[in-house]
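Single-structure report; data block below.
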Amino acid sequence: MTNQFFVKRIVSLVAVILIIAFGVVLTSCTKDEIDFEVTPETAAIDYSAYAGTTINVYNWGEYISDGTEDTVDINKVFTELTGIKVNYTNFSSNEDMYSKLKSGATSYDVIIPSDYMVERLIAEGMLAKLDFDKIPNYKYISDEFKNLFYDSNNEYSIPYNVGMMGIIYNTEMIDYTPDSWSILNDPDLSDKILMINNPRDAFAIAQFMLGVDINTQDASQWESAKNWLLNQKNHVKAYVMDEVYNIMESGSAAVAPYYAGDYLSMYQNNDDLAFVYPKEGTNIFVDAMCIPTSATNKAAAELYINFLLDPNVSLENAEVICYASPNTAVMENEEYQDFLKELHPNAMDILYPAFEEVYPGKDARDYYYRNLPQDTLDKIAQLWSELKIASTEDSDTYLIYILCALAVVLLAALIVFLKVRKRRRANA
Numbered sequence: 094m095t096n097q098f099f100v101k102r103i104v105s106l107v108a109v110i111l112i113i114a115f116g117v118v119l120t121s122c123t124k125d126e127i128d129f130e131v132t133p134e135t136a137a138i139d140y141s142a143y144a145g146t147t148i149n150v151y152n153w154g155e156y157i158s159d160g161t162e163d164t165v166d167i168n169k170v171f172t173e174l175t176g177i178k179v180n181y182t183n184f185s186s187n188e189d190m191y192s193k194l195k196s197g198a199t200s201y202d203v204i205i206p207s208d209y210m211v212e213r214l215i216a217e218g219m220l221a222k223l224d225f226d227k228i229p230n231y232k233y234i235s236d237e238f239k240n241l242f243y244d245s246n247n248e249y250s251i252p253y254n255v256g257m258m259g260i261i262y263n264t265e266m267i268d269y270t271p272d273s274w275s276i277l278n279d280p281d282l283s284d285k286i287l288m289i290n291n292p293r294d295a296f297a298i299a300q301f302m303l304g305v306d307i308n309t310q311d312a313s314q315w316e317s318a319k320n321w322l323l324n325q326k327n328h329v330k331a332y333v334m335d336e337v338y339n340i341m342e343s344g345s346a347a348v349a350p351y352y353a354g355d356y357l358s359m360y361q362n363n364d365d366l367a368f369v370y371p372k373e374g375t376n377i378f379v380d381a382m383c384i385p386t387s388a389t390n391k392a393a394a395e396l397y398i399n400f401l402l403d404p405n406v407s408l409e410n411a412e413v414i415c416y417a418s419p420n421t422a423v424m425e426n427e428e429y430q431d432f433l434k435e436l437h438p439n440a441m442d443i444l445y446p447a448f449e450e451v452y453p454g455k456d457a458r459d460y461y462y463r464n465l466p467q468d469t470l471d472k473i474a475q476l477w478s479e480l481k482i483a484s485t486e487d488s489d490t491y492l493i494y495i496l497c498a499l500a501v502v503l504l505a506a507l508i509v510f511l512k513v514r515k516r517r518r519a520n521a
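In terms of my numbering, the sequence shown opens at residue 94 and continues consecutively.
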């Protein structure tokens, strides 16, 4: 009886401890949930009419503060603030996003394509005009990023992030500072080179090397770029998008072309990595928030866009994903400036370079991708497909193999023919 009483007391005590511990966890979680605050202006908006609804958001991978590694889950904060659920999915290229949107298989309320794709979507009537009365935080967007070529009247899109592509390299594997895209075609680095798995960016690298306009409509110039890439393929370890993080951070590759903001994220996990803008030129891009005409919850989507423009939300995203922000409240924030100094000695120059200093005498407008005519887009798609399925041998060696194989087939056919003829003569 005494033993049973003792056991019951122990069980009761353990239960009490577990309840207290669980309560502490719940309190901690609740505290975490309310630790992050938007500005009073954003908090004061009446969201009640849209509470309980859902928006489908389609964005690039690794492109928002998502709650991992002690960061703030921005989408969760939005849901707690508004009652609007966020169904959030990722794409890896503008072309993939376009195909998915065009198919109509899924309806998206917010998408975040790049400038040239925004231009294309507008031209094809696939974007809805925004109601800026529902997006008061638009006032924080720098004038530098308004009235750009892809949406000259600021009707369909709002900048989310801006950036440039450059060369990321491992200083333990490359003992000099590369200054040219040519390093991506260096036989000495064969099987240590990563290549971007994105047709516009990949072709642009070849076009910069060939001195060709990145927005050319000349089919022969796209052919020449494909041939450069075909030769380069001999030395490529892998074609990557988000996979570049693990490979470069682990030191499994020596060099990769990728975006400045992503480099700073990788640098936090491997400080042997360095970054440079190549002398031939590079793409400047703006990724922008848009609402497709097929959206089913447009008003809630506009509230989401306004939320992402909130100075506190924009700051959190800027510090987590490390891309340059078009938001003046972020750029002028002392906390953000201090963060960049701690992040990397040259973070400000990498994210916010003075273009005229990086490429003196050149016009920045020539470094944006533009929407191209359909026949050119079809040509790019065809050439990209040919490149991806091509043998890793260079085209000359590949041709030799084909000719040798053909010669063997013809020789075998000749031998068979001679044997048959000899047999017929013997039977005659």
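Note that CB positions come from ideal geometry on N, CA and C, so glycine has one too. Predicted, not measured: the structure shown is a model, and the values here were computed from it.
Endpoints, beta strand (DSSP E) assigned at residue i
{"i": "residue 251", "result": "251-263"}
{"i": "residue 366", "result": "366-369"}
{"i": "residue 147", "result": "147-153"}
{"i": "residue 333", "result": "329-333"}
{"i": "residue 178", "result": "178-184"}
{"i": "residue 379", "result": "377-382"}
{"i": "residue 287", "result": "286-289"}
Sub-7 angstroms separation of residue i and residue j beta-carbons
{"i": "residue 357", "j": "residue 415", "result": "yes"}
{"i": "residue 231", "j": "residue 182", "result": "no"}
{"i": "residue 407", "j": "residue 420", "result": "yes"}
{"i": "residue 238", "j": "residue 252", "result": "yes"}
{"i": "residue 170", "j": "residue 129", "result": "yes"}
{"i": "residue 256", "j": "residue 368", "result": "no"}
{"i": "residue 363", "j": "residue 146", "result": "no"}
{"i": "residue 464", "j": "residue 201", "result": "no"}
{"i": "residue 341", "j": "residue 359", "result": "yes"}
First through last residue of the alpha helix (DSSP H) which encompasses residue i
{"i": "residue 482", "result": "467-482"}
{"i": "residue 356", "result": "353-360"}
{"i": "residue 452", "result": "Premise fails: residue 452 is in no alpha helix (DSSP H) and is neither H nor E."}
{"i": "residue 274", "result": "Note, residue 274: premise wrong, no alpha helix (DSSP H); not H, not E."}
{"i": "residue 413", "result": "404-414"}
Supposed close pair residue i, residue j - CB separation, criterion 8 angstroms
{"i": "residue 347", "j": "residue 298", "result": "Residue 347 to residue 298, Cβ: 16 angstroms. No contact."}
{"i": "residue 422", "j": "residue 404", "result": "4 angstroms"}
{"i": "residue 376", "j": "residue 229", "result": "Not a contact, Cβ separation roughly 32 angstroms."}
{"i": "residue 211", "j": "residue 189", "result": "Rounded, the Cβ-Cβ distance is 16 angstroms, inconsistent with contact."}
{"i": "residue 177", "j": "residue 396", "result": "7 angstroms"}
Given residue i as reference, the closest of the options once Cα atoms are compared
{"i": "residue 459", "options": "482, 195, 300 and 249", "result": "300"}
{"i": "residue 478", "options": "304, 292, 432 and 134", "result": "292"}
{"i": "residue 457", "options": "399, 306, 476 and 320", "result": "306"}
{"i": "residue 248", "options": "469, 216, 296 and 455", "result": "216"}
{"i": "residue 472", "options": "314, 360, 345 and 395", "result": "314"}
{"i": "residue 384", "options": "225, 319, 189 and 424", "result": "225"}
{"i": "residue 317", "options": "296, 336, 330 and 417", "result": "296"}
{"i": "residue 394", "options": "312, 311 and 250", "result": "250"}
{"i": "residue 312", "options": "469, 136, 192 and 278", "result": "469"}
Other residues of its chain near residue i: CB distance less than 6 angstroms, five sequence neighbours each side excluded
{"i": "residue 274", "result": "298, 301, 302, 371 and 373"}
{"i": "residue 158", "result": "164, 165, 167, 409, 410 and 413"}
{"i": "residue 334", "result": "185 and 290"}
{"i": "residue 451", "result": "370"}
{"i": "residue 487", "result": "Unreliable positioning characterises residue 487 in this predicted model, as indicated by a pLDDT of 44, which lies under 50. The coordinate reading is nonetheless provided below. Around residue 487: 324 and 327."}
{"i": "residue 445", "result": "417"}
Own chain residues within Cβ distance below 8 angstroms of residue i, not counting five before or after
{"i": "residue 153", "result": "183, 184, 185, 205 and 380"}
{"i": "residue 386", "result": "218, 219, 220 and 221"}
{"i": "residue 504", "result": "none"}
{"i": "residue 271", "result": "260, 262, 348, 369 and 371"}
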